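Here is the structure we will look at, set down as structure tokens.
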Amino acid sequence: MDSIVAVKAQIQRDFAKENAKRSQHRTIGTTNTALVNRSRLPGNIAKTVTVKHNLTVALKVEEECGVPGPSTSSSIVFRGPANDPSSRKDRSYRYMYEKILERSEALDDRIEEFSELVREHYNIVELGDPASGTDDDIVVTGRIVHDSDTTDTAPLRLTETSIALEASRASGGKRITLRLDSSITIRGATQGVGSVGLFPGCIVALKGKNGGGSWFLVKEILSLPPLKPSLVSSGHTTLKSDLEAMNTPYSIHIACGPYTPDSDLSYKPWRALMKTLKATKPMVVLLMGPFIDVQHPKIKNGETDMLPDALFRSLFIEHLKAYLDSSPGSIAILIPSVRDLISRQTVYPQGELDPELTTSDPRIHLLPNPAHFSINDITFGVTSVDVVYHLKKEELSVKGTEVDPIPPASTDDAPDVMANTCRHLLHQR
């Protein structure tokens, strides 16, 4: 019994000594506490921020976008999606797990959203049902789809004989074949274009009538209301805007994968890009996947001994961290691709990469695909999917007479096919 008591006393003494050593280490470590600019923090936030290095940290807090992690003092103000576990889980789209009702409601809400915009912009009292017969012309809204009666025989690309309109449930919820009038007009389009592009999935506003048949005669296409200018572009700012950063110029380099040719895994283009980055030192580096391409022949054949995560860290993360160390204040933004072997999701839309790949480095921002963010109050919308290519591949160009056209922003701007295609991304929101 005495021996047990002695052992117990010895354990307690050792435990007390260990606690004393830990307390000393904590006291010494406080000399490396970061300096926090508390004037930048909201009044309802009072927390002590400490890091391992003696750096000046400024927390940029944005209510609707979440709270980014600490970063070195920089002229770059980055605001992106919330990065908490709950938000990341919501962005992890579970393919084939959604309910049919939820999908249909989301598609229906898009039509209703645009219907309200069209009503307000063109001062329309009430929108009609394209499937109901009328004597007078009415304005209808809906989604362009392939005509189900001609799907088996029609080509993939839309044609004037294979186009149909899907209305929302508030407007009848039916699909009706469209016929384009020979003297069709286009209202509110950009001046000088003379045509409008239609593609499967786009929301449109049409004017015409259904004379009791099984199709709707389109006499006029109403262009969707343009986006309203931002407060910053209008010369107005909000309390959340960082005026100093907004007026500070910065450079951004953008690159998209794959970063190596199909013949090898040497990643020579990527290494050449890193040399350019170190020479020019841009403040923002935006990289889109695929980083480790699942369709690369040598990866498909298993001609590499490294695991995908290890290959990604050694090729990209280590080089990026070395660059960020050499360029204080710079940040990197990574957006995956559906062809990325390091991503847990292989369908679109796609969640961001695992934070463990970057060891949660606050200078490297991992964003979903697609992503929406702002840098110094300039808004970016980014995706690794070539949306313009897919739109152009299936687009039907409808020519018509312009009515109340909108003058171009510059008199030097000539009608450009690619610019008109890119305009869909803005008009369709």
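When you line the sequence shown up against our numbering, it's residues -9 to 419, in that order. Glycine included, every Cβ here is placed at the ideal spot set by N, Cα and C. Computed from a predicted model, the values in this text were never measured in an experiment.
Rounded separation between residue i and residue j - CA only
i	j	result
T151	I114	29 Å
L217	G70	21 Å
C412	V378	6 Å
R84	R334	11 Å
N44	I332	The pLDDT assigned to N44 is 30, lower than 50, so where the model puts this residue is not dependable; a value taken from the coordinates is nonetheless given after this. For N44 and I332, the distance between alpha carbons rounds to 34 Å.
M264	A312	10 Å
D368	G163	First, the residue type needs correcting, since residue 368 is Ile and not Asp in the sequence shown. The alpha-carbon atoms of I368 and G163 are separated by roughly 39 Å.
S317	P75	30 Å
L415	R100	15 Å
D80	P358	11 Å
Residues near residue i in its chain [Cβ-Cβ closer than 7 Å; skip 5 each side]
i	result
V328	T336, V337, Y338 and Q340
N246	Sequence inspection shows Cys at residue 246; the Asn mentioned does not correspond to that position. If we look at C246 and ignore the five residues flanking it on each side, its Cβ neighbours are M278 and S374.
Y240	S65, I66, M273, V274 and N366
D127	K197, G198, K199 and K209
S204	T167
Sequence-distant residues of its chain with Cβ nearer than 6 Å to residue i (five each side left out)
i	result
G202	G123
P360	T373
S387	S185 and G187
L214	H417
Close beta carbons around residue i, own chain, < 8 Å, minus the five adjacent residues each side
i	result
V129	V108, Y112, I114, L117, G118, A195, L196, K197 and L212
A154	I134, V135, H136, D137, S138, R165, I166, T167 and L168
E384	L146, R147, L148, F189 and P190
D171	G198, L207, V208 and K209
H286	P248, T250, D252 and L255
Proximity winner among the options, relative to residue i (alpha-carbon distances)
i	options	result
E103	L91, A160 and G292	A160
T131	F206, H362 and I244	F206
A157	L97, A179 and V186	L97
A72	L214, A154, K209 and E342	E342
I174	R165, T167, Q181 and V186	V186
D502	L324, P397 and S364	The requested residue 502 is not part of the displayed model; the chain covers only -9 to 419.
A485	E92, R177, L267 and D80	Summary: the structure shown does not reach residue 485, with the chain confined to residues -9 through 419, and so no result is reported for it.
Assigned exposure category for residue i - 16 Cβ within 10 Å defines buried
i	result
R303	buried
I307	buried
K407	Sequence check: residue 407 is Val here, not Lys. With fewer than 16 Cβ atoms within 10 Å of its Cβ, V407 is classed as exposed.
T348	buried
I90	exposed
T180	buried
H380	exposed
K420	Here the chain comprises residues numbered -9 to 419, so residue 420 is not present and cannot be evaluated.
Simplified DSSP state of residue i, which is helix, strand or coil
i	result
V41	Residue placement at V41 cannot be trusted, given a pLDDT of 30 that sits under 50; what the coordinates show is reported in the next sentence. V41: coil per DSSP, three-state reduction.
H243	strand
T369	strand
M86	coil
M296	coil
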